[in-house]
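First up is the structure itself, then whatever we jot down about it.
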Amino acid sequence: MKSLDELKKLRDESLKNMEMRDTGKEIRVVVGMATCGIAAGARPVLSSLVEEVAKRNLKNVQVVQTGCIGMCIYEPIVEVYAPDKEKVTYVHIDEEKAKRIIAEHIVNGNVVNEYTIGAVEK
Amino acid sequence: MAIFRSHVLICGGTGCTSSKSDQIKKRFEEKVKEVNLENEIQIVSTGCFGLCEEGPIVIVYPEGSFYSRMTIDRVDEIVDEHLVKGRIVKKYLYEDGSKDDKLKSLGEVDFYKKQLRVALRNCGVIDPENINEYIARDGYMALGKVLTEMTPEEVIKLVKDSGLKGRGGAGFSTGMKWSFAAPNKADQKYVICNADEGDPGAFMDRSVLEGDPHAVLEAMAIAGYAIGATKGFIYVRAEYPIAVHRLEIAIGQAKELGLLGKNIFGSGFDFDLEIRLGAGAFVCGEETALMQSIEGKRGMSRNKPPFPANKGLWGKPTIINNVETLANIPQIINNGADWFRSFGTEKSAGTKVFALGGKINNTGLVEVPMGTTLREVIYDIGGGCPNGKAFKAVQTGGPSGGCLTADHLDTPIDYDNLIALGSMMGSGGMIVMDEDNCMVDIARFFLDFTVDESCGKCTPCREGTKRMLEILDKITEGKATMEDLDKLESLARNIKETSLCGLGQTAPNPVLSTMKYFRDEYEAHVKDHRCPSGVCQALLSYVITMNCKGCTKCARLCPVGAIEGKVKELHTIDQSKCIKCGACMDACSFNAIIKK
């Protein structure tokens with residue numbers, strides 16, 4: 006180790022993988038991962054959400070999986086919970102859409118209306 | 005670096021490993037591979053989570069689900085349900101006695117609520133065999149800061165100001181110790197980490213070494229810089245194979261990254277470390293004996309002065325710090341002296357780790373701010389005595405400490421309070437006793453230990469403790485007189501005052517404190533030839549009461565044929581033949597046999 010900066014760089018890099026173990030995060034992004042969700046392609050969606058959160062170093066966001074949400078026809082489903090805000094349910098999500106949700110909704114605070122269940126049901 | 009979506013943390017401390025956590029980890033790895041998730045799920049072996057009673061412990065992140073008492077056959081279900089489908093397997097989660105529902109996550113567990121983890125901050129959080137995880141938690145930042153921004157004098161002043169005292173037992177100011185060694189001129193100075201944890205029932209240092217070995221290495225390098233030493237030794241007992249193994253890995257990784265070795269952080273400071281294995285002699289936890297042992301000589305203590313800070317290892321200035329003391333150092337450097345002083349009491353700053361054992365519901369490892377009361381540790385964290393038995397005493401400080409009673413439960417724990425009550429902080433063993441424990445027997449147990457472990461160099465300790473043990477034997481056999489009690493007490497005081505080292509000076513403490521607080525029990529043994537708790541075998545007799553139905557079960561079981569009686573008639577025990585094994589009492593279906 007030659008300098009403190011070198012150590013700091015290594016720390017920040019290592020930290021990305023450790024963030025997961027902090028359970029005090031306020032924003033939760035939940036992916037339906039029951040048989041229906043997995044069959045519809047929820048696995049790559051979950052992975053891309055995790056990667057995107059890590060890449061952008063979003064410390065307050067937790068990506069978790071859950072069981073069957075009950076609307077199997079709309080899988081893969083991603084739900085976003087944030088404090089004092091209404092839950093947002095996104096449906097028919099794929100990897101690209103997942104990245105957009107992180108960028109627009111989580112980072113900039115703008116719900117991606119066209120992916121929400123309300124928009125799709127119309 | 006690969007990003008995983010879920011982490012499975014499995015306790016790899018000695019406690020959980022002895023209940024097969026290594027095989028549980030292996031099964032997790034196999035099963036995760038079977039379902040093709042090996043690139044999404046990270047499986048990590050960590051240090052001790054503290055709640056050893058409920059081990060093996062497995063925690064799944066990001067949810068923080070706390071699975072307790074894991075078994076190998078539960079692994080498949082957890083992988084299939086939780087990791088594949090996202091459904092937490094609630095039936096296997098840890099159940100807090102005080103709540104109706106099973107707990108979801110770590111933060112909800114009562115056991116952790118009153119705890120404050122400073123020395124144990126990384127235990128159960130990081131993979132101790134992966135230096136990157138330590139670095140992610142600000143590891144080696146303190147060393148970097150010290151080497152690039154501070155002078156040795158500033159480091160010593162900071163440690164002094166923090167009020168950190170030695171956690172090994174004596175409670176001497178760590179900063180002072182360093183300041184004694186720093187000005188001494190020598191061609192070589194040494195830093196020693198005392199990891200010769202020997203108190204029966206104590207496992208704090210082992211857990212730190214197993215769960216966070218890099219914290220100790222980092223602190224030793226900082227100490228080296230502060231006093232001008234370039235060489236360090238970790239003296240650890242060979243009975244801690246997991247700790248030794250992880251230390252070896254940690255030293256290797258630190259050297260590879262250049263965090264140990266030559267010219268660290270380009271500052272020109274060199275520091276190298278070696279492990280020395282002890283053979284498990286208790287006296288080698290005493291610093292002068294420890295140094296003898298490192299030098300390859302027989303572990304025996306010597307007179308002080310000269311103190312190690314002036315003439316230590318191979319006659320060179322040396323500082324010796326305990327594992328837990330060192331584990332606090334990097335955080336003091338990173339967060340400052342005021343931060344550290346904000347925990348604990350005026351005279352005892354910071355936190356203390358205790359190994360909670362004996363008659364207690366939550367056996368395990370706890371860390372609390374100094375000044376927490378015994379009641380909080382034993383009841384709020386420890387969950388009290390099992391099976392509704394009454395609390396009788398708590399033994400702190402191992403063979404050097406003493407027993408405290410129910411009257412002392414509201415005493416805030418710090419160095420001075422415990423000494424004032426005739427016990428001591430010690431290294432942090434805390435053994436809880438309930439109404440079924442005989443205090444004379446407890447004192448005898450600890451003395452038996454010190455008699456075995458005395459190095460034999462000085463007469464008071466070698467001969468005196470042996471004579472004390474003989475008197476205690478007489479008491480537990482009901483053969484002692486009241487004069488023997490007086491003799492025991494004066495002998496104890498003499499040994500305390502005249503022994504060469506800490507071992508002998510503190511060995512009589514368990515006897516003196518039990519005599520002080522439980523004199524009635526001693527007198528019952530002597531005057532009435534009775535053991536009030538029903539422990540001392542020689543003073544017991546088994547008797548069959550009128551509840552006997554004459555089933556003959558006990559008579560058939562008795563290994564010495566001491567029980568006579570016809571079918572459907574009251575049986576009797578021949579006391580001259582009875583060896584008091586208790587087999588009859590355990591076997592009786594009618595509770596007709598009692599101990600008197």
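For the record, the sequence lines run as chains C and L. According to this note's numbering, the stretch in the first sequence is residues 6 to 127, in order. According to this note's numbering, the stretch in the second sequence is residues 5 to 600, in order. The beta-carbon is built from N, C-alpha and C at its ideal position, and this holds for glycine as well.
Can you pull the chain C neighbours of L/Thr152, defined as C-beta to C-beta under 9 Å?
Within 9 Å Cβ-Cβ: Ser8 and Leu9.
For L/Leu264, collect the residues of the same chain with a Cβ closer than 7 Å to its Cβ; drop the 5 residues on either side in sequence, then sort them by chain order.
Excluding residues within five positions, the ones whose Cβ falls inside 7 Å are Leu221, Ala225, Ile255, Ala258, Phe275, Asp276 and Leu277.
Give the range of the beta strand (DSSP E) segment to which C/Arg33 is assigned.
Start and end: Ile32 to Gly37.
Assign C/Ile122 to one of three DSSP states: helix, strand, or coil.
When DSSP states are grouped into helix, strand and coil, C/Ile122 belongs to the helix group.
Do C/Val125 and C/Val83 have their C-beta atoms closer together than 7 Å?
Their beta carbons are not under 7 Å apart, which means C/Val125 does not touch C/Val83 by this criterion.
Minimum Cβ-Cβ distance from C/Leu63 to chain L less than 7 Å:
Not one beta carbon of chain L lies nearer than 7 Å to the beta carbon of C/Leu63.
Alpha carbon to alpha carbon, how far is L/Glu568 from L/Phe594? Give it in angstroms, no decimals.
Rounded to the nearest angstrom, the two C-alpha atoms are 17 Å apart.
Any idea which residues DSSP pairs C/Glu84 with across the strands?
DSSP, once it has assigned bridges, lists C/Val35 and C/Thr94 as partnering C/Glu84.
So that I know if they touch, is there some Cβ in chain C lying closer than 7 Å to that of L/His218?
Interface flag for L/His218 against chain C is unset, since no Cβ pair is found closer than 7 Å.
Contacts that L/Met224 makes with chain C (C-beta to C-beta distance below 7 Å)
One finds nothing in chain C with a Cβ atom closer than 7 Å to the Cβ of L/Met224; even the nearest lies about 16 Å away.
Are L/Gly362 and L/Met437 closer than 7 Å when you measure CB to CB?
Inclusion of L/Gly362 and L/Met437 in the CB contact set at 7 Å is warranted, their separation being smaller than that value.
Integer-rounded CB distance, given that L/Leu378 should sit under 8 Å from L/Ile417
With 8 Å as the limit, L/Ile417 and L/Leu378 qualify as a contact, their Cβ atoms being about 6 Å apart.
Distance cutoff 7 Å, beta carbons only. Does L/Ile14 sit that close to anything in chain C?
Not an interface residue.
Curious, which full-length beta strand (DSSP E) runs of at least 3 residues does the stretch 345-415 of chain L contain?
Note on the stretch 345-415 of chain L: whole beta strand (DSSP E) runs with a minimum of 3 residues are 355-362, 368-373, 395-400 and 406-409, in chain order.
Which word fits L/Thr355, buried or exposed, when buried means at least 16 other C-beta atoms lie within 10 angstroms of its C-beta?
Under this definition L/Thr355 is a buried residue.
Pull up the distance between the alpha-carbon of L/Val327 and that of L/Val372, whole angstroms please.
Taking the straight line joining both Cα atoms gives about 17 Å.
Please tell me whether L/Asn338 has its Cβ less than 7 Å away from any Cβ of chain C.
Among the residues facing chain C, L/Asn338 is not included, as its CB has no counterpart in that chain under 7 Å away.
Please classify L/Pro309 as buried or exposed, where buried requires at least 16 neighbouring CB atoms within 10 angstroms.
Label assigned to L/Pro309: exposed.
What residues are listed by DSSP as bridge partners for L/Asn126?
L/Asn126 is not bridged by DSSP to any residue.
Going by the CB atoms, is the gap between L/Asp203 and L/Gly54 shorter than 7 Å?
Their beta carbons are not under 7 Å apart, which means L/Gly54 does not touch L/Asp203 by this criterion.
Cβ shell of L/Gly388 (< 8 Å), same chain only, five flanking positions each side left out
Contacts found: Ile364, Asn365, Ile382 and Phe395.
Which whole-angstrom value is the C-beta distance of L/Gln46 and L/Ile76, which I expect to be below 8 Å?
About 20 Å; that fails the 8 Å criterion.
At a CB distance below 8 Å, what residues from the stretch 135-166 of chain L approach chain C? Give them in sequence order.
Going along the stretch 135-166 of chain L in chain order, one finds Asn136, Glu137, Ile139, Ala140, Arg141, Asp142, Gly143, Tyr144, Met145, Gly148, Lys149 and Thr152 with a Cβ nearer than 8 Å to chain C.
Can you look up L/Glu85 in the DSSP assignment and give me helix, strand or coil?
In the structure shown, L/Glu85 falls within a helical segment according to DSSP collapsed to helix, strand and coil.
How about the stretch 533-552 of chain L and the stretch 421-429 of chain L: do they share at least three Cβ pairs that are nearer than 8 Å?
Note that the stretch 533-552 of chain L does not touch the stretch 421-429 of chain L; fewer than 3 beta-carbon pairs, one per stretch, sit closer than 8 Å.
Just the Cα atoms here: how many angstroms apart are C/Arg61 and C/Cys41?
Cα to Cα, the separation comes out at about 29 Å.
Does any CB atom of chain C fall closer than 7 Å to the CB of L/Glu67?
For L/Glu67, the answer is yes, since a Cβ of chain C falls inside 7 Å of its Cβ.
Can you check whether the CB of C/Ile107 is closer than 7 Å to the CB of C/Glu31?
Against a cut-off of 7 Å, the Cβ pair of C/Ile107 and C/Glu31 comes out as no contact.
Give every residue of the same chain whose Cβ lies closer than 8 Å to the Cβ of L/Thr376, excluding the five residues on either side of it in the sequence, and list them in chain order.
Excluding residues within five positions, the ones whose Cβ falls inside 8 Å are Lys118, Pro416 and Ile417.
Which of helix, strand or coil DSSP assigns to L/Ser177:
In the three-state scheme derived from DSSP, where H, G and I count as helix and E and B as strand, L/Ser177 is classed as strand.
Should C/Ala44 be labelled buried (16 or more other beta-carbon atoms within 10 Å of its own) or exposed?
Flag for C/Ala44 reads exposed.
Amino acids of chain L, ordered along the chain, whose beta-carbon sits closer than 8 Å to that of C/Gly72:
Within 8 Å Cβ-Cβ: Lys89, Gly90 and Arg91.
In whole angstroms, give me the CA-to-CA distance for L/Ser346 and L/Asn338.
Distance between L/Ser346 and L/Asn338, taken at the CA atoms: about 15 Å.
Give the interface partners of C/Ala5 over in chain L, defined as CB-CB distance under 8 Å, in chain order.
Outside the displayed range of chain C (6 to 127) lies residue 5 of chain C, so it cannot be described from this structure.
If you count every other CB in all the chains shown that lies within 10 Å of the CB of L/Ile196, and 16 or more means buried, which is it?
So L/Ile196 ends up on the buried side.
Do L/Lys599 and L/Leu561 come within 7 Å of each other at the CB atom, strictly closer than that value?
L/Lys599 sits away from L/Leu561, with the two beta carbons spaced by 7 Å or more.
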